[in-house]
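Mapped onto mature numbering (1 follows the signal peptide of the UniProt record, and there is no 0), the consecutive letters of the sequence shown carry residue numbers -23 to -1, 1 to 398.
To start, the structure itself, in structure tokens.
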Amino acid sequence: MKFRFTAVAIAAALIGVAQPSFAASISISASSTGKNLELFRKQLDAFEKATGNKVSIVTMPSSSTEQFSQYRLWLAAGNKDVDVYQTDVIWAPQLADQFVDLKDAAKDVVGDFFPSIIASQTVNGRLVAMPLYTDAPALFYRKDLLDKYGKQPPKTWDEMAATAKEIQEKERGAGQKDLWGFVFQGNAYEGLTCNALEWVKSSGGGQIIEADGTISINNEKAAGALDRAKGWIGTISPPGVLAYQEEESRGVWQTGNAVFMRNWPYAYALGNGADSAVKGKFDVATLPVAKDGDTPSSTLGGWNLAVSKYSQNQDAAIALVKFLTSQESQKQRAIELSNLPTLQALYDDKDIAAAQPFMPNWKPIFQNAVPRPSASAKVKYNEVSSKFWTAVHNSLSGNGTSAENLELLEADLTSLKGDNW
Ligand code: GLC
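So this is what it looks like as structure tokens:
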């Protein structure tokens, strides 16, 4: 009740700035991961009530890769049916020209956001999307099972695999036949780029393309990191993991069938939901490293809201983006979905810390997270990523060795780069 009242008041205040002369009908396309659409609907209802506008949701698949392909087609065709797009942090350089510059509209609030996140959505001086939430993955672990076998949350990948194997074997022996040691995202899509970047970077193998544009991926440490991951398939990870995205890994985890899971913070609130078999039984730690002393590496993720250049109701669309990224809306998103806020002040918010105790600890983790090479590869990022995840997927599937696949990848990326990115 209290929230609804404040949300309505905020929406009304926003609309005072961008009052359309008559109520508009707009639409927002958004990902169906977890309870994202449910929360959006609740917030859209509040926005509708305050403004008289109508907002419909265009439901998108969970996969970032599938969303990107669809959005690129719609935007290239000048589609007028979608006003607001929920956009992945890596897309800004590629879709910038199709989105409205939000710099003026956001000038009263932009200083409240983390500057690095605003920078990631700024292309040639234009703010092409407003940050909705940020993302940095965790190693989810079953506290009850680790305690039962006297284990600590693992610091290295090998420690993780050894603990996973021991608990998997012992629990299976005791009748838990469906238990696996570790689930992650092994499907050939953007999520695998994120997972593999973490394995490589935390092993000292670089970040695919370095900040200065150098292609660094063909090296022994990177190949070693992929070989290590290949060893998990069919031993501590189900063979089907090669087709898992976030939601499939969460499905296995949340039914109580995994000791460890690599996933994004959204899985925390869902894992503690009333219908979850692991409610109250797990905690999160930073991802492991190759050996003591290596730097833990989480890939930087996150989602934003952009207004289409082809929208015929840009004022209403901008007001909606401001409403959904406001302090009140982000607070509700943090409490209900455990999505990490992009507003600095919310990391000191007591209600958020009480609802999602891991969250204050996650601020340094996303601030030190590893960016994917979207800023260096610019408009070619999607091709870079798809070549990378293909090489990784082949290596994990035993289709060529990691060393061979990375050598081919280097040659491919070199010709894609040409004279410059
Ligand atoms: C998460 C991240 C996003 C990433 C995606 C990959 O949604 O926030 O940045 O691209 O996972 O599956």
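All residues carry an ideal CB built from backbone N, CA and C; glycine is no exception.
CA nearest to the CA of residue i, picked from the options
| i | options | result |
| --- | --- | --- |
| P273 | L122, N316, Q344, E224 | Q344 |
| A113 | A235, R349, Y126, S363 | R349 |
| S39 | F237, F259, L21, A7 | A7 |
| I329 | Q307, K80, T191, T263 | Q307 |
| S363 | F17, S46, S33, S93 | S46 |
| F24 | W339, A354, V298, I342 | V298 |
| A73 | T263, E197, Q98 | Q98 |
| Y126 | I144, A331, L21 | I144 |
| D260 | S226, A151, A352, P334 | P334 |
| T302 | A139, N101, A83, L174 | A83 |
| D89 | V356, D396, A354, Q321 | Q321 |
| W176 | I194, L16, G375 | I194 |
| L21 | A296, T191, L104, Y358 | A296 |
| N240 | F117, E381, N13 | F117 |
| L52 | V32, F76, M37 | F76 |
| G375 | D124, V100, P216, N359 | P216 |
| A206 | G250, D135, Y48 | D135 |
| A354 | D396, T212, Q129, M37 | D396 |
| S226 | F161, Q289, A138 | F161 |
| A332 | L277, G250, E381, V100 | G250 |
Same chain, Cβ closer than 6 Å to residue i, neighbours up to 5 away in sequence not counted
| i | result |
| --- | --- |
| S379 | A200, L203, D204, S372 |
| A388 | none |
| A(-1) | G29, N30 |
| A293 | P(-4), A1, I3, N30 |
| K340 | Y324 |
| K(-22) | Any reading at K(-22) needs caution, since the residue's pLDDT is 43, under 50, leaving its predicted position unreliable; the model's value is listed next. Result list for K(-22): empty, nothing under 6 Å. |
| P130 | Y118, A262 |
Residues that residue i bridges to, as DSSP identifies them
| i | result |
| --- | --- |
| T170 | None, per the DSSP bridge assignment. |
| G279 | T111 |
| Y118 | F237, D260 |
| L317 | T111 |
| A7 | T36 |
| T133 | V266 |
| V284 | V61 |
| S2 | K31 |
| S214 | I210 |
| I192 | I186 |
Cβ shell of residue i (< 7 Å), same chain only, five flanking positions each side left out
| i | result |
| --- | --- |
| Y287 | G55, N56, K57 |
| T367 | A165 |
| K268 | T133 |
| N316 | Y110, P242, Y243, R310 |
| N234 | D155, L156, W157 |
| N359 | F45, Q71 |
| L14 | A7, I34, T36 |
| A(-6) | With a pLDDT of 49 at A(-6), under the threshold of 50, the predicted position of this residue should be treated as unreliable, though the coordinate-derived value follows. Only D292, I295, A296 meet the Cβ criterion. |
| D124 | none |
| K351 | Here residue 351 turns out to be Ser, not Lys, going by the sequence shown. Here the set comprises I67, P70, Y358. |
Anticipated Cβ contact below 8 Å, residue i with residue j, distance rounded
| i | j | result |
| --- | --- | --- |
| V35 | N281 | Actually they are not in contact, since the Cβ atoms of V35 and N281 sit about 16 Å apart, beyond 8 Å. |
| D271 | G181 | 6 Å |
| D85 | K258 | Contact doesn't hold; Cβ gap of about 44 Å is too wide. |
| A106 | T42 | The pair is not a contact, with the Cβ atoms about 18 Å apart (cut-off 8 Å). |
| P265 | S179 | 7 Å |
| E305 | A246 | About 18 Å; that fails the 8 Å criterion. |
| A254 | Q231 | 6 Å |
| V361 | L393 | 7 Å |
| F237 | A141 | 6 Å |
| V229 | S275 | Not confirmed; about 21 Å, so no contact. |
| T10 | E146 | Between E146 and T10 the Cβ distance is about 32 Å, and since that is not below 8 Å, they are no contact. |
| P108 | T319 | 4 Å |
| V284 | D60 | 7 Å |
| W398 | G190 | 5 Å |
| T263 | I186 | About 24 Å; that fails the 8 Å criterion. |
| R103 | D78 | 4 Å |
Cut-off 8 Å between Cβ atoms - residues of its own chain near residue i, not counting five sequence neighbours on either side
| i | result |
| --- | --- |
| G163 | L169, N172, I210, S214, V218, L219, A220, Y221, H370, L373 |
| R149 | L156 |
| E167 | S40, S41, T42, F45, D65, I67, S362, W366 |
| M17 | As written in the sequence, residue 17 is Phe, which differs from the Met given in the question. Around F17: I5, A7, I34, L301. |
| I192 | I185, I186, E387, L390, T391, K394 |
| D252 | none |
| V381 | Residue identity check: residue 381 is Glu in the sequence provided, not Val. Answer for E381: no residue qualifies. |
Problem set entry | Minimum length 3: unbroken beta strand (DSSP E) runs contained in the segment 136 to 186 | 157 to 160
Exercise. Can you give, in chain order, each stretch of the alpha helix (DSSP H) that sits fully within the segment 75 to 104 and has at least 4 residues?
Worked result: 92 to 97
Problem set entry | Unbroken stretches of the alpha helix (DSSP H), 4 residues or longer, contained in the segment 15 to 85 | 41 to 53, 69 to 72
Problem set entry | Segments of 3+ residues assigned as beta strand (DSSP E) that fall wholly inside the segment 333 to 370 | none
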